[in-house]
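Down below is the structure, laid out as structure tokens.
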Amino acid sequence: MSDAEAETTFRKLRWPETDGEPVCPHCGGLKAYDCRRPNGAPRFECRACGKDFSITSGTLFASHKLPLRAYLGAIAVFCNEVKGKSALALSRDLGISHKTAWVLLHKCREAMAAEMKGRVVGGDGKVAEIDGGYFGGYVKPANLKEHRIDRRFTSNQSGKRQCVVVVRERNGNSVPAVFRSEGHALSFIRSRIAKGTVVNADEGNAWNDLQGQFEMRRVNHQEAYSLAGACTNAAEEYFSRLRRAEIGHHHHIAGAYLLRYAQEASWREDHRRASNGDQVNRLAGLALKAKRSVDFCGYWQRGKAA
Ligand SMILES: [Zn+2]
């Protein structure tokens, strides 16, 4: 794709209501002077307020350094994968540094997350499933048998293990969040499942307290995976994808960014039947509708000032 084509695509995604004609992000003005930079980078000056802006000003890709083509390329490569994409692999695909690729991928995840912000699933006559899965905090067993400790005790654990809990409507959308344990997720679950939904869960004790609010169907996985219509297979499907992203691409997903990986898996799961082109357009559109990155705005300058 040429630079001009990438520019046209970005303009249409950023300003769909004017078919790609620039709209000032400062005052909403519809008339702008074309002030292209000497290197060819598109730039505009608002006729109403006189402020300067680019196609990505005020979006997730604000103050971008790479050509626009690279961002579209990254989104296309990212969407082509089904479980995830490692930053190292992306850096090789696009000829950019690992750090640039890593930040770019996290911005894509942030855009995906924007879609599930405040999402409530279910409703009257609908069915939702909940489940939890643990990530991170792995304690490696010692080499010699006599040095090994019982890793089931809390005192022998690293304390870094976190629980991803997913709420998923059957044949519908999902929304994940990260907690210390399944038991800490109850108010999240209550706020993300609409009244009147039938909630499916496994035999875990943590879910017992939800009985008062929802009609629950429980399935004991030691007896069956699905019994009398009760199952959590859709939630398990989600964890299958997230676990494969961990094993196959990232090797280790934990810590501060675990939620972003969980949201990525959720987005991929919800849009798994959409065509590749639709996924790319949707994700690029989300990135250009999102505000400046909360995670990575000024990321490069961090640690330099103080
Ligand atoms: Zn303006």
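With the working numbering applied, the sequence shown covers -1 to 304.
Just so it is clear, CB atoms sit at the ideal spot from N, CA and C, and this is done for glycine as well.
Predicted, not measured: the structure shown is a model, and the values here were computed from it.
Could you tell me which residues DSSP puts in a beta bridge with residue i?
i: residue 174; result: 164
i: residue 136; result: Answer by DSSP bridge pairing: none, since residue 136 is not bridged.
i: residue 225; result: 228
i: residue 251; result: The partner list for residue 251 (beta bridge, DSSP) is empty, contrary to what the question assumes.
i: residue 191; result: 119
i: residue 42; result: 32 and 51
Is residue i helix, strand or coil when you go by DSSP?
i: residue 118; result: coil
i: residue 149; result: coil
i: residue 245; result: helix
i: residue 213; result: strand
i: residue 126; result: strand
i: residue 200; result: strand
i: residue 283; result: helix
i: residue 32; result: strand
i: residue 131; result: strand
i: residue 50; result: strand
i: residue 304; result: Here the model assigns residue 304 a pLDDT of 48, short of 50, so the residue's position is not dependable, and the following value carries that caveat. Residue state, collapsed to three classes: coil.
i: residue 76; result: helix
i: residue 13; result: coil
i: residue 237; result: helix
i: residue 155; result: coil
i: residue 96; result: helix
i: residue 106; result: helix
i: residue 270; result: coil
Here's a check: name, in chain order, each residue in its chain whose Cβ is nearer than 8 Å to the Cβ of residue i, leaving out the five neighbours to either side.
i: residue 11; result: 279, 282, 283 and 286
i: residue 261; result: 107, 110, 111, 114 and 174
i: residue 214; result: 196, 197, 198, 199, 205 and 208
i: residue 88; result: 72, 75, 76, 94, 99, 102 and 103
Just confirm the distance between the C-beta atoms of residue i and residue j, as a whole number of angstroms; I'd bet it's less than 8 Å.
i: residue 219; j: residue 201; result: 7 Å
i: residue 92; j: residue 8; result: The pair is not a contact, with the Cβ atoms about 17 Å apart (cut-off 8 Å).
i: residue 81; j: residue 249; result: Their Cβ separation, rounded to whole angstroms, is 13 Å, which puts residue 81 and residue 249 out of contact at 8 Å.
i: residue 119; j: residue 190; result: 6 Å
Could you check whether residue j and residue i sit closer than 7 Å to each other, using their CB atoms as the reference points?
i: residue 5; j: residue 40; result: yes
i: residue 264; j: residue 139; result: no
i: residue 141; j: residue 148; result: no
i: residue 105; j: residue 58; result: yes
i: residue 230; j: residue 198; result: yes
i: residue 32; j: residue 171; result: no
i: residue 18; j: residue 46; result: no
i: residue 232; j: residue 166; result: yes
i: residue 14; j: residue 30; result: no
i: residue 290; j: residue 60; result: yes
Under the criterion of a Cβ to heavy atom distance below 6 Å, does residue i qualify as lining ligand 3?
i: residue 33; result: Questions concerning ligand 3 fall outside what the structure shown contains, since the ligands it does hold are ligand 1.
Near residue i, what residues of its chain come up, given a Cβ to Cβ distance below 6 Å and the 5 sequence neighbours on each side ignored?
i: residue 50; result: 43
i: residue 125; result: 168 and 196
i: residue 130; result: 161, 163 and 180
i: residue 158; result: 134 and 135
i: residue 52; result: 41
i: residue 183; result: 163 and 177
Leaving out five residues before and five after residue i in sequence, what residues of the same chain have Cβ atoms less than 7 Å from its Cβ?
i: residue 121; result: 192, 194 and 195
i: residue 313; result: Not covered by the structure: residue 313. The range shown for the chain is -1 to 304.
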